[in-house]
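Asker: Provided herewith is a single structure, encoded as structure tokens, for subsequent inquiry.
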Amino acid sequence: MNTQNKIAALNEVLNYAKTSPFYSTRIQNLPLHSLEDIKNIPFTTKSDLREQSPFGLLPASSSSLSQYHESSGTTGTPVSVWYNEKDLDEITSGIATCGASFNESDIVLIRFPYALSTISHFVHRAVQRQGGCVVPADSRTTITPMSKVIDLVKRLNVTVLACISLQAIMLAEVAEMLGLNPKKDFPSLRAICTAGEPLTPFRRKLIEEIWGVPVFDNYGMTEVGTTMVDCSSQQLHVFEDYFHVEVLADDFKTDVKDGEIGNLVLTTLRKRATPMIRYVTGDLVQVVEHPCSCGRNRSFVIRGRKENLITIDRKSFDMHELEKMITILPARRFWSAGKINSHLYIFIEKESKDDWISSGYTDQLKEKYGVAISIILLDKGTLYDRSDDLSFGMKAKPHYFLTTQETENLLKMSRSEGAN
Ligand SMILES: [Zn+2]
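This is the structure:
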């Protein structure tokens, strides 16, 4: 979309959003004359959404509602988001551009949560719209424990597995526990589609090595729906016609330069049931301006939640940086990290009992980052309990970033493991 069309689309959506109780007083001085003018409109934050839920963001002229979703987050107070039929169609069209190219021969097993969450429903609809068949294997139910999912993937000749990236690793481990080889024993599987947490290039490589199929990522959130998908070259591109994207420095005023990491702020460009104007996503992203083989010139790297950054002596460690350190190690499937004072601790579950890490490697890291770093190998099952595959799959939510107390507890546990 060129700049003039973008400004026109923004003016239209701002006039429309203004008819909702929440935006009625916040949006002023229309029309915008340049893209810079949008910076005069206040941000929408998650706490605004909590206060306005469930109905405060609905514009007066919103067409009839089709679907309700909410996210609770850490506070427990829900954020309400509504979608109408057109919204769902547009999001589905966006997902249809994913490099996994769902088609009529596909059987896609969806292993995202279904209750109140968006992603499972969006992918479900996108697959069916492209003629594929869906196996709805919810990740938050006792009906489909991990072993049942493996059974379904094998018995139904599933072609695409859709789940969060950690779940793809957990499922591989359950397959191995059942005596199967993820790479050889699922010949129909052709792709894995991930969403719900940042997919670093290191984790993508890990999953591709384990399963032997390409991984395509999908980025979005309950509040605005799917926003970006990987193209066939595995680069994340935003749905340019549906979103205006700002990537702002920590002052939340200036745009970051190409290649720098900044705060992602999104504005929906269409007349949605719940339009979002300058929504502060809380995610850090990197914009890459470079021609992609799919024909687009701008892609995004999702670096992770800002609240999860581990900062030591002005050095910040996000998921990307941590997995970069882990990627060359013999054990790299399950990890957590935390700090005590100025010391970074990375805990990784052993994949075989002989796994070890040379002290030379941690010395290299200390020199590179100028921070005290310890990498500690733990027995399998310490970070994610495998005592039964139901709890492994259902309760084991990703937990990569530890509080100081959790870091101290793991450190104590690792010392007693070492003593045995
Ligand atoms: Zn591309």
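Using the working numbering, the first residue of the sequence shown is number 249, and each one after it goes up by one. We put the CB at the ideal spot given by N, CA and C, even for glycine.
Any idea if H317 is buried or exposed, counting beta-carbon neighbours within 10 angstroms, 16 or more meaning buried?
Answerer: On the sequence shown, position 69 is the one that residue 317 refers to. It is buried - the Cβ of H317 has at least 16 other Cβ atoms within 10 Å.
Asker: Contact defined as beta carbons within less than 8 Å: I believe S413 pairs with L447. What is the distance between those atoms, to the nearest angstrom?
Answerer: One-based indexing of the sequence shown puts residue 413 at position 165. One-based indexing of the sequence shown puts residue 447 at position 199. Right, their Cβ atoms sit about 5 Å apart.
Asker: At a cut-off of 6 Å, would you count S309 as near ligand 1, judging by its Cβ distance to the nearest heavy atom?
Answerer: Translated into positions along the sequence shown, residue 309 becomes position 61. The answer is no for S309.
Asker: Starting from the C-beta of V406, find all residues in its chain whose C-beta is less than 8 Å away, skip the five residues before and the five after it, and write them out in chain order.
Answerer: By 1-based counting over the sequence shown, the position of residue 406 is 158. I355, V356, L357, V383, L400, F434, S436 and L437.
Asker: Per DSSP, K563 forms a beta bridge with which residues?
Answerer: Taking the sequence shown and counting its residues from 1, the one referred to as residue 563 is at position 315. Looking at the DSSP assignment, K563 forms a beta bridge with I560.
Asker: Please report the distance separating the alpha-carbon of L283 from that of P326.
Answerer: Taking the first residue of the sequence shown as position 1, residue 283 is located at position 35. Taking the first residue of the sequence shown as position 1, residue 326 is located at position 78. If you take the alpha carbons of L283 and P326, they lie about 32 Å apart.
Asker: The alpha helix (DSSP H) with R451 in it runs from where to where?
Answerer: Numbered from its first residue, the sequence shown carries residue 451 at position 203. Element bounds for R451: P449 to W459.
Asker: When DSSP builds the beta bridges, which residues end up paired with N511?
Answerer: As a first step, residue 511 must be located in the sequence shown, where it is residue number 263. For N511, which the question treats as bridged, DSSP gives the partners L496 and L532.
Asker: Any idea what DSSP makes of M524, helix, strand or coil?
Answerer: As a working mapping, residue 524 is identified with position 276 in the sequence shown. If DSSP states are grouped into helix, strand and coil, M524 belongs with coil.
Asker: Does the distance between the C-beta of Q483 and the nearest non-hydrogen atom of ligand 1 fall short of 6 Å?
Answerer: As a first step, residue 483 must be located in the sequence shown, where it is residue number 235. Under cutoff, so the answer is yes.
Asker: Considering only the beta carbon of each residue, do V463 and T442 sit closer than 7 Å?
Answerer: Reading the sequence shown from its first residue, position 215 is the one you call residue 463. Reading the sequence shown from its first residue, position 194 is the one you call residue 442. Yes, these two residues count as a Cβ contact at 7 Å.
Asker: Out of G552, E656 and A579, point me to the one whose CA is closest to H591's CA.
Answerer: On the sequence shown, position 343 is the one that residue 591 refers to. Answer by Cα proximity: E656.
Asker: Assign T475 to one of three DSSP states: helix, strand, or coil.
Answerer: In the sequence shown, residue 475 corresponds to position 227, counting from 1. Three-state DSSP puts T475 in a strand.
Asker: Looking only at DSSP bridge pairs, what is A679 linked to?
Answerer: There is no way to answer for residue 679, as the model of the chain reaches only from 249 to 668.
Asker: Buried or exposed: which applies to F303, given that a residue is buried once 16 or more other Cβ atoms fall within 10 Å of its Cβ?
Answerer: Along the sequence shown, read from residue 1 onward, the residue named residue 303 stands at position 55. Exposed: under 16 other Cβ atoms inside 10 Å.
Asker: For N466, count neighbouring C-beta atoms within 10 Å of its own C-beta (all shown protein chains included) and say buried if the count is 16 or more, exposed if not.
Answerer: Taking the first residue of the sequence shown as 1, we reach residue 466 at position 218. Buried, by the Cβ-count rule.
Asker: Using a Cβ-Cβ cut-off of 6 Å (strictly less than) and excluding sequence neighbours within five positions of Q315, which residues of its own chain qualify?
Answerer: Within the sequence shown, numbered from 1, the residue matching residue 315 stands at position 67. Excluding residues within five positions, the ones whose Cβ falls inside 6 Å are Y331.
Asker: Say the cut is 6 Å; is the CB of I479 nearer than that to a heavy atom of ligand 1?
Answerer: Here residue 479 corresponds to residue number 231 of the sequence shown, with the count starting at 1. It should be pointed out that residue 479 corresponds to Cys in this sequence rather than to Ile. Yes, Cβ of C479 sits closer than 6 Å to a heavy atom of ligand 1.
Asker: Under 7 Å, do F491 and T475 count as touching if we go by C-beta distance?
Answerer: In the sequence shown, residue 491 corresponds to position 243, counting from 1. In the sequence shown, residue 475 corresponds to position 227, counting from 1. A contact, by the Cβ cut-off of 7 Å.
Asker: When you compare the CB positions of L470 and T610, do they come within less than 7 Å of one another, or not?
Answerer: Locating residue 470 in the sequence shown gives position 222, counting from the first residue. Locating residue 610 in the sequence shown gives position 362, counting from the first residue. The sequence as given places Thr at residue 470; Leu does not occur at that position. Not closer than 7 Å, so no.
Asker: Does the count of Cβ pairs from the segment 584 to 601 and the segment 615 to 632 closer than 8 Å reach three?
Answerer: The segment 584 to 601 is in contact with the segment 615 to 632.
Asker: First and last residue of the beta strand (DSSP E) that includes Q612?
Answerer: In the sequence shown, counting from the first residue as 1, residue 612 sits at position 364. It is not in any beta strand (DSSP E) - Q612 instead sits in the alpha helix (DSSP H) that spans S607 to Y617.
Asker: Examine ligand 1 and report whether any of its heavy atoms sits within less than 6 Å of the Cβ of C441.
Answerer: Residue mapping note: residue 441 aligns to position 193 of the sequence shown, counting from 1. Not under cutoff, so the answer is no.
Asker: Would you tell me roughly how many angstroms separate the C-alpha atoms of P269 and Q300, rounded to the nearest one?
Answerer: The sequence position of residue 269 within the sequence shown is 21, counting from 1. The sequence position of residue 300 within the sequence shown is 52, counting from 1. In a straight line, the C-alpha of P269 is about 9 Å away from that of Q300.
Asker: Which stretch, first to last residue, makes up the beta strand (DSSP E) that contains E597?
Answerer: Numbered from its first residue, the sequence shown carries residue 597 at position 349. It spans H591 to E597 - the beta strand (DSSP E) in which E597 sits, taken as one unbroken run.
Asker: Where does S395 sit, in a helix, a strand or coil, going by DSSP?
Answerer: In the sequence shown, residue 395 corresponds to position 147, counting from 1. S395: helix per DSSP, three-state reduction.
Asker: Would A554 pass as a contact of L532 if the rule is Cβ separation under 7 Å?
Answerer: What you label residue 554 is simply residue 306 of the sequence shown in a count that begins at 1. What you label residue 532 is simply residue 284 of the sequence shown in a count that begins at 1. A small fix is needed here, since residue 554 is Lys in this sequence, not Ala. Yes, Cβ-Cβ distance for K554 and L532 is below 7 Å.
Asker: For the candidate residues P449, V397 and E571, whose alpha-carbon lies nearest to that of W583?
Answerer: As a working note, residue 583 is residue 335 in the sequence shown. That would be E571, whose Cα lies nearest to the Cα of W583.
Asker: Enumerate in chain order the residues of its own chain whose CB-to-CB distance from S368 is below 6 Å, with the five nearest sequence positions on each side excluded.
Answerer: One-based indexing of the sequence shown puts residue 368 at position 120. Same-chain partners within the cutoff: I358, F360 and Y362.
Asker: Could you check whether the Cβ of R452 sits closer than 6 Å to any heavy atom belonging to ligand 1?
Answerer: For the purposes of this step, residue 452 is taken as the residue at position 204 of the sequence shown. Outside the cutoff, so no.
Asker: Which class does E318 belong to by DSSP, given the choice of helix, strand or coil?
Answerer: Along the sequence shown, one-based indexing puts residue 318 at 70. E318 falls in the strand class under three-state DSSP.
Asker: May I ask which residues mark the beginning and end of the alpha helix (DSSP H) holding G342?
Answerer: Along the sequence shown, one-based indexing puts residue 342 at 94. That run of the alpha helix (DSSP H) goes E333 to I343.
Asker: Do you know how far the Cα of S341 is from the Cα of S310?
Answerer: Locating residue 310 in the sequence shown gives position 62, where the first residue counts as 1. Locating residue 341 in the sequence shown gives position 93, where the first residue counts as 1. The straight-line gap from Cα to Cα measures roughly 21 Å.
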